[in-house]
Amino acid sequence: MSGGGPPIEVRFPYTGERVSWLSGVSRQVMDEAIAGALAAFEEYKMVPAHRRASLLYAAAEILEGREDELAREITLESGKAISESRVECRQAVSTFRVAAEEVVRIEGETVPLDGVETEGMHGDVRRFPMGPVAAITPFGSPLGIVAHKVAPALAAGNSVLVKPSPSTPLSALSVGRAVLDAASALELPTGLISVLPCADDAAEPLVTDPRVRVLSFTGSSRVGWALRSLAGQKRVMLELSGNCAVIVHKDGEIERAAERCAQGAFLFAGQHCASVQRIYAHESIADALMRLLVAHAQRVTIGDPRDDETHVGPMRSEHEAKRAAEWLDEAVEAGAQVLCGGRHDGPVFQPTVVTGTQHHLRIVCEEVFAPIVVVERY
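Using the numbering used here, you'd call the opening residue of the sequence shown number 964 and step up by one each time.
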């Protein structure tokens, strides 16, 4: 069925070739999806815990059976190295299974109320599902983050409306298909999940419509706080930009620290919110640590993310690579030294180690979202 909105093209970031085309969701379809989620919630909230657990276990089994296909899908839409995509698939399966286990552990408590002139009274605390949950997800982990939002929401008895990044909707659709197939087999309401690829303006009702009771957003701080201001009385959960720092002291295991920091800095070309962006090394070991980091960066295999030997594939787009290069040039003009890397070929940015920076520079104080790591001594 047509979504009624503008078309969405999914392109392989490494080559730019189109890998899929789908119809975006219009405001009308969005409204219908919200109404469907509310109707499904009214039925699903009465479903006992063991049946909700069965739904999640069944969805996990479906996803596990499609691991190879899903890993390739992640790589084609995001540019993530295929080895990383396989890990993401396994983590998504585990997320659904852990959520299934937690369904039967949703507890309450009994609270004594005889503290102030009340005798023989107590209060019972119980937990209830909130209602339709809007899950807005980024391109960085197109399967994993969707699973992290969908599985707990279903475990608690809610329905879910997923708005994936327009550049990576395929993995979210695969999660939706797995849940729907599992729900159909278990005779549960099929409106439990809707995946709604669309432009940002079409997604506004997910934030403003009072029928949607929870908003869960992962993405930039600027967008997240803007959505929070529009969300009214709904419960809002924000997982926002990162700028992760590591301290390596003089008594640390330098070789181990360099290996882990390099992995954390260059994984998925630095495009995740937990990427290592800043390293502060004690002056007595800083030079040694930098030499080791440079050696790791220079050993990284860069190229086609479909190749099993590739460690670092493309950034999201050539535009993003140019943006990262501008930030790096700004630092160099201010006196920073590039120890390795620093160049890009189209969307592929070389793993880069920088030192001699200043705190106000964007590669230091903002989220660089690129395979660039800053090392400074203390």
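Every residue, glycine too, gets a C-beta built ideally from N, C-alpha and C. Treat the numbers as computed from the prediction; the structure is a model and nothing was measured.
Query                                                                                                                                                                      : Result
Whole angstroms is fine: what's the gap from T1315's alpha carbon to E1006's?                                                                                              : 53 angstroms
Classify F1091: buried if its beta carbon has 16 or more other beta carbons within 10 angstroms, exposed otherwise.                                                        : exposed
Pair every Cβ in the region 1057 to 1071 with every Cβ in the region 1294 to 1301, then say whether three or more of these pairs are closer than 8 angstroms.              : no
Rounded to the nearest angstrom, how far is the Cβ of D994 from that of P1160, given a contact under 8 angstroms?                                                          : Not confirmed; about 16 angstroms, so no contact.
Assign E1167 to one of three DSSP states: helix, strand, or coil.                                                                                                          : helix
Note the first and the last residue of the continuous beta strand (DSSP E) segment covering M1200.                                                                         : R1198 to E1202
Have a look at the DSSP bridge pairing and note the partners of K1126.                                                                                                     : I1099
For V1209, which of F1231, S1238 and V1186 has the nearest alpha-carbon?                                                                                                   : S1238
Only counting runs of 4 or more residues, tell me where the alpha helix (DSSP H) segments fall wholly within the region 1241 to 1270, in order along the chain.            : 1249 to 1262
Using beta-carbon positions only, say whether L1001 and R1174 come within less than 8 angstroms of one another.                                                            : yes
Any contact of the region 1136 to 1150 with the region 1019 to 1030, i.e. 3+ C-beta pairs under 8 angstroms?                                                               : yes
Could you check if M1084 is buried or exposed, using at least 16 other CB atoms within 10 Å of its CB as the buried criterion?                                             : exposed
Drop a sphere of 10 angstroms on the beta-carbon of K1126, count the other beta-carbons inside from all chains shown, and report buried for 16 or more, exposed for fewer. : buried
Quick check on the DSSP output: the beta strand (DSSP E) that includes P969 runs from which residue to which?                                                              : G967 to R974
Who are D1077's beta bridge partners in DSSP?                                                                                                                              : DSSP output for D1077 lists no bridge partner at all.
May I ask you to report which of helix, strand or coil DSSP gives V1337?                                                                                                   : strand
Kindly identify the DSSP beta-bridge partner or partners of W984.                                                                                                          : E972
At the level of alpha carbons, what is the spacing between G966 and G1086?                                                                                                 : 48 angstroms
Suppose you measure from the CA of A1110 to the CA of V1295; what does that come to, to the nearest Å?                                                                     : 40 angstroms
Between which two residues does the beta strand (DSSP E) harbouring F1180 extend?                                                                                          : V1177 to T1181
Alpha carbon to alpha carbon, how far is A928 from Q1321?                                                                                                                  : Since the first residue shown for the chain is 964 and the last is 1341, residue 928 is missing from the structure and cannot be characterised.
Relative to the alpha-carbon of D1214, which residue among E1064, E1246 and V1177 has its alpha-carbon at the smallest distance?                                           : E1246
Grouping DSSP H, G and I as helix and E and B as strand, with all else coil, what is F1332?                                                                                : coil
In or out: P1095 buried (at least 16 other Cβ within 10 Å) or exposed?                                                                                                     : buried
Is it buried or exposed for M1009, if we count other Cβ within 10 angstroms and need 16 for buried?                                                                        : exposed
Could you check which residue in T978, A1116 and A1148 has the C-alpha nearest to that of D1267?                                                                           : T978
Could you tell me which whole alpha helix (DSSP H) segments of length 4 or greater appear in the region 1269 to 1328?                                                      : 1281 to 1296 and 1325 to 1328
Looking only at DSSP bridge pairs, what is E1072 linked to?                                                                                                                : V1088
Pick out whichever of L1178, E1064 and A1116 has its Cα sitting closest to the Cα of Q1196.                                                                                : L1178
Just the C-alpha distance for E972 and L1291, rounded to the nearest angstrom, thanks.                                                                                     : 30 angstroms
Report back the beta-carbon spacing between R1279 and S1130 to the nearest angstrom; my notes put them in contact at under 8 angstroms.                                    : 7 angstroms
Quick check on the burial criterion: 16 or more other C-beta atoms within 10 angstroms. Buried or exposed for H1274?                                                       : buried
I need the boundaries of the alpha helix (DSSP H) containing C1224, first residue and last residue.                                                                        : I1217 to F1229
Less than 8 angstroms between the CB atoms is what I'm expecting for S1157 and E1036, so what's the real figure, rounded?                                                  : About 19 angstroms; that fails the 8 angstroms criterion.
How long is the line joining the alpha carbons of F1229 and R1223, rounded to whole angstroms?                                                                             : 10 angstroms
Would you tell me roughly how many angstroms separate the C-alpha atoms of A1162 and I1099, rounded to the nearest one?                                                    : 12 angstroms
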